Amino acid sequence: MTAVPLRLPRRLIEFTLDGQETRVPEGSTILEACRAAGKDIPTLCQGDTLTPKNACRVCVVEVAGARTLAPACSRRAEAGMTVLTGSERARHSRKVVLELLASATDLSTTPRADEWIKEYEAKPARFGAGAARVNEEPKVDNDLYVRDYDKCIQCYKCVDACGEQWQNTFAIAVAGRGFDARISTEHDVPLTDSACVYCGNCIEVCPTGALSFKSEFDMRAAGTWDERAQTETTTVCAYCGVGCNITLHVQENEIVKVTSPHDSPVTHGNLCIKGRFGFQHVQNRV
Amino acid sequence: MDLKHTDAAPTDAEREAVDSLLGPPPSGWEGGTTRSDEDLRWARGGASAAKDRRDQLLPALHAVNDRIGWISEGALGYLCRRLTVAPAEAYGVATFYAMFSLRPRPPKVLHVCTDLACAARGSAALCADLTRDFAPAGTATEGATWQESPCLGLCERAPAALLIQAGEQPRSARPADPARPAFEDRGPGGGAHGYGRGREGEQRAAGAPHRTAVIAPATPAALTHAIRSPEHTPPQPPPETAVPQTGSPGLVLLKRIGTTDPASLDAYRASGGYTALRRAFALGPAGVIREVLDAGLVGRGGAAFPTGRKWEATAGQPDTPHYLVCNADESEPGTFKDRVLMEGDPYALVEAMTVAGYATGARQGFVYLRGEYPRAYERLSHALETARTRGLLGPDILGQGYAFDIEIRRGAGAYICGEETAIFNSIEGQRGEPRSKPPFPVEKGLFGKPTAVNNVETLVNVLPVLEHGAAAYAATGTGTSTGTKLFCVSGQVAAPGVYELPFGASLRELLELAGPPQDLRAVLLGGAAGGFVRPDELDIPLTFEGTRAAGTTLGSGVVLVLDGSVELPRILLRIAEFFRDESCGQCVPCRIGTVRQEEALHRIKDRTGAAAADDIALMREVGQAMRDASICGLGQTAWNAVESAIDRLGVYK
Ligand code: SF4
Ligand code: SF4
Ligand code: SF4
Ligand code: FES
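These protein sequences, in sequence, are chains L and D. Count along the first sequence starting at 1, add 24, and that's the number in my numbering. Count along the second sequence starting at 1, add 536, and that's the number in my numbering.
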């Protein structure tokens, strides 16, 4: 069940997308137009429930007449614009960005990373064995979730989800600068000493698996994590009367993690600690 | 907002430092030590009141850092309570700036510049001597430590160093209202110990006064002496020593430097000051904009955007209030002209900003000033204060019913904060990360409101435009580059300094003035984001269009002269290191690309020809993506200078 939020009708604007005259509602991003036209543009920092930060730059496209490329995820289509999504310049930047990311971070749990690396013929190894890497150890400081910043691409999604866009807890922020920038609590204290309320909304939006359930982290370490063997069941959280939709991910009859549908008008993908992590009692079998 | 604070308590000194900026805590909810009955019954403020104060975060961090020398967990927690800022966010902001330390460090920190001009003038040897005579960099010794620093904007006196001693602010310098920092005027030529010279009798037994000292040109002995007794550092030479042309006819922007007392409003007025503002009032805002458009004034920051069009676009925005921001965060390595203008002729900037504010419909102007410019801060604060007492700033300027005031915000060591949108974030108390454009500042700038941003040199040009009229102004220079231009000449020349020439003069003419070296090897035009030119290219006309046609850029007016003694691969490495250090880290091409470029330059620093070819090809590919896909100008231009050294100078041939 998906409720479609009512919006005021918007004017249509016309622009050229890869040589094709395209009409989109005013205010649409180039990415929205591309997706409506069935074009597959890679994205990492863009999220369906967040205002894009346009920091990863894998979605860049060429806008005729512009000095630099434009991030499709946040640049709005303008009437009369001419956009090329597959130009050599755009493809070159995407390739290099993928190479840079893969050479510095662990993309092994980033969905579609492998596919894009092949598609764009990216060769992360060409920066040499001595190329600087993020090199972080996983932070396991509580029983609910693990922060493995070796996999973090600094997309800011978790910060936005924890902060003003959803949770309003502001337990984490970007600290430091440049290559040394990291997602961090204040003074890098363990999560248990921070303002974190364990809503797990940051895990929900993380595009790389840098944030994961402790259950998933442990199973991956043990080699027992098998997404293909999992079933997903969306139901209603039983804890309180709000009626949040929760999706139970079940492997071998055990709940291994809980997400929430992003298109649910109640949660938009967000949950609280109980809905997100309070599932042990379900599997207490006597 | 959930706010959770740790139990770490501030020390008395930390609490005092914050309270001296923000006043005593109004209630137990905001960091007061006890809660009154009233506190328990009445909630005030709420989210919007809290947001209103977020912009005090950077000044509050400065207050603690100035007083203690670093920012402890207790101090950070306290200022978070005072400002209703989440500790993780404040930590993220504090760690963004190089001048703040979140780890204990001694109260005295000596910043030794190792950037381009200083490197060309022997900073490496200086650091080696300092290590031998005092201590290795970063080691706490005798209540002091030293560290390498990016460009301090003292290139004409390279090699340079800046000593900052944390300590108590003198009572007179404790601003109850942060817009009005108090000032202790020491007249031209003085001011070696910047904005916090303690008064005797007020010093506590525990704490030395806060002070700064500039040591340039620096010798190993002068540096060790300054570390041991900062109170005895000799005063800085007056600003006009940076202007070799002082007193010569034909100067427009530099005409007062060295001839008019920068601490005297009367002297400023006697030299023709405030005629531009009177003319502005006679013309009205639209008339001022027309005049600036007709004069053909374009921004001097490098982008060369027509100033009049920017003002027109800001003035025409229906949203209010409008803001004016003066970009005085001059951090391009090799640039120091804005410093010299602010130190030598501060009222000119105050007047020019008043004109700009009037034209764009702003009631409030901000000067975003480099944190490393203590004397400019002192001089400008004094100018603001006296202008206010004389009705040249404030609710009713010159009886014209126009209200305008200016506040100085000190940066804290981040090159990226010179980017116009990063300035907004920095002033607002966020990390100084650039915003993506559109929307442009004229539409949504500071605090999300229409904002005109101009740098110091651009603003000061408004005075001659109004004093002599657009036509007279446009008669100087070339058709598309009108007026005069300031150049910061540094490196191996006989007379480094700020030069003013009409647009259109050639690079050769400029170098002749400064005394070029015998064996000129290369000139870096436009700074680290600019490009190198060869000795056989000196006829390049110094105009925006002329340099562009020659495949280089005027940028911010940097002219760094290198002779045969300089090892170019080392200079290139320094440029790459600079961008790697200064990248804000927001976008991938720049955050990781700058690191990969530096690594490649390291690999080939002693190689040439085929042995360097692979890495050069790699850098080209990365450079192209950085230029095309980075969010802001830093990433987009980070590869320019290295590329030009490879292509035009044949460095690795
Ligand atoms: S779990 Fe919730 S509160 Fe904790 S860091 Fe993530 S988003 Fe913030
Ligand atoms: S932890 Fe995940 S969501 Fe947060 S910045 Fe890193 S990659 Fe993005
Ligand atoms: S280009 Fe560099 S400095 Fe600019 S936003 Fe990106 S990371 Fe930050
Ligand atoms: S998805 Fe557009 S920049 Fe990251």
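Think of the CB as a built atom: it goes at the ideal place given N, C-alpha and C, for glycine as much as any other residue. Computed from a prediction, not measured in an experiment: that's the story for all the values here.
Practice task
Check the Cβ-Cβ distances between Tyr951 (chain D) and every residue of chain L, and say whether any is below 8 Å.
Solution key: no
Exercise for the section: Can you give me the start and stop residues for the beta strand (DSSP E) that Thr259 (chain L) sits inside? Expected result: Gln254 to Val260
Practice task
Provide the residue(s) that pair with Arg206 (chain L) in DSSP beta bridges, ordered along the chain.
Solution key: L:Ala199
Problem - Cross-chain neighbours of Asp1117 (chain D) in chain L, by beta carbon under 7 Å - result: Gly202
Handout entry: Below-8 Å beta-carbon distance, Ala1161 (chain D) vs any chain L residue
Key = yes
Practice task
Give me whichever residues DSSP pairs with Cys862 (chain D) in a beta bridge.
Solution key: D:Val903 and D:Asn990
Handout entry: 7 Å CB neighbourhood of Glu278 (chain L) in its chain, flanking five on each side removed
Key = Gln307
Exercise for the section: Considering only heavy atoms of ligand 1, list every residue whose Cβ is less than 6 Å from one of them, following chain order. Expected result: L:Ala185, L:Cys186, L:Gln191, L:Thr193, L:Ala195, L:Ile196, L:Cys220, L:Val221, L:Tyr222, L:Cys223, L:Gly224, L:Asn225 and L:Cys226
Exercise for the section: Measuring alpha carbon to alpha carbon, tell me which of D:Leu698, D:Tyr951 and D:Gly809 ends up nearest Leu759 (chain D). Expected result: D:Leu698
Practice task
Counting only the same chain and skipping the five closest in sequence on each side, list residues whose C-beta sits under 7 Å from that of Arg590 (chain D).
Solution key: Leu619, Val621, Glu964 and Gly965
Problem - Contact check, Lys985 (chain D) vs His858 (chain D), beta carbons under 8 Å - result: yes
Problem - Cβ neighbours of Lys77 (chain L) in the same chain (closer than 6 Å, five flanking residues each side left out) - result: Cys69 and Tyr180
Practice task
Name, please, each residue of chain D whose Cβ falls closer than 7 Å to the Cβ of Phe194 (chain L).
Solution key: Met537, Ala622, Ala624 and Glu625
Exercise for the section: Could you tell me whether the Cβ atoms of Leu1061 (chain D) and Gly1067 (chain D) are closer together than 8 Å? Expected result: yes
Handout entry: Any C-beta of chain D under 8 Å from that of Cys296 (chain L)
Key = no
Practice task
Sort L:Ile141, L:Ser132 and L:Gly200 by Cα distance to Lys175 (chain L) and report the nearest one.
Solution key: L:Ser132
Exercise for the section: Mark Gly559 (chain D) as exposed unless 16 or more other C-beta atoms lie within 10 angstroms of its C-beta, in which case mark it buried. Expected result: exposed
Problem - Continuous alpha helix (DSSP H) stretch holding Asp1099 (chain D): start and end - result: That residue, Asp1099 (chain D), is in no alpha helix (DSSP H); its beta strand (DSSP E) goes Val1094 to Asp1099.
Problem - Any chain D beta carbon closer than 8 Å to Leu131 (chain L) - result: no
Exercise for the section: Mind checking the stretch 1135-1162 of chain D against chain L and listing, in chain order, the residues whose C-beta falls within less than 7 Å of any C-beta there? Expected result: Glu1135, Leu1154, Glu1157, Val1158, Gln1160 and Ala1161
Exercise for the section: Label His768 (chain D) either buried or exposed according to how many other C-beta atoms from any shown protein chain fall within 10 Å of its C-beta, with 16 as the threshold for buried. Expected result: exposed
Exercise for the section: Measure from the alpha carbon of Gly1121 (chain D) to the alpha carbon of each residue in L:Lys147, L:Phe301, L:Val198 and L:Ala262, then state which is nearest. Expected result: L:Val198
Handout entry: Beta-bridge pairing of Val834 (chain D) - partner residues as DSSP gives them
Key = D:Pro842
Practice task
For chain L, find out if any of its Cβ atoms is closer than 8 Å to the Cβ of Glu670 (chain D); answer yes or no.
Solution key: The residue you asked about is not Glu; residue 670 (chain D) is Phe in the sequence shown. Phe670 (chain D) does not count as touching chain L.
Exercise for the section: Name, going along the chain, the residues of the stretch 946-978 of chain D whose beta-carbon falls closer than 7 Å to a beta-carbon of chain L. Expected result: Arg967 and Ser972
Practice task
Determine contact between the stretch 154-172 of chain L and the stretch 237-250 of chain L, defined as no fewer than three beta-carbon pairs at a distance below 8 Å.
Solution key: yes
Practice task
Determine the DSSP secondary structure at Gln853 (chain D), reduced to helix, strand or coil.
Solution key: coil
Problem - Arg1156 (chain D) versus Arg967 (chain D): straight-line alpha-carbon distance, rounded - result: 30 Å
Exercise for the section: Give the DSSP bridge partners of Ile700 (chain D), in chain order. Expected result: D:Val645 and D:Thr748
Exercise for the section: Output, in chain order, the set of chain D residues within a Cβ distance shorter than 8 Å of Val121 (chain L). Expected result: Val1124, Pro1125, Ala1161 and Ala1165
Problem - Simplified DSSP assignment, three categories, for His541 (chain D) - result: coil
Handout entry: Run of the alpha helix (DSSP H) containing Ser239 (chain L), from where it starts to where it stops
Key = Lys238 to Ala246
Exercise for the section: Kindly indicate if chain L contains any beta-carbon less than 8 Å away from that of Ile1128 (chain D). Expected result: yes
Problem - Under 9 Å by beta carbon: chain L residues contacting Val788 (chain D) - result: Going along chain L, no residue has its Cβ under 9 Å from Val788 (chain D), so there is no contact; the nearest lies around 32 Å.
Practice task
For chain D, find out if any of its Cβ atoms is closer than 8 Å to the Cβ of Glu228 (chain L); answer yes or no.
Solution key: no
Exercise for the section: Return the chain-ordered ranges of every alpha helix (DSSP H) run that is complete within the stretch 937-997 of chain D and spans a minimum of 4 residues. Expected result: 956-964
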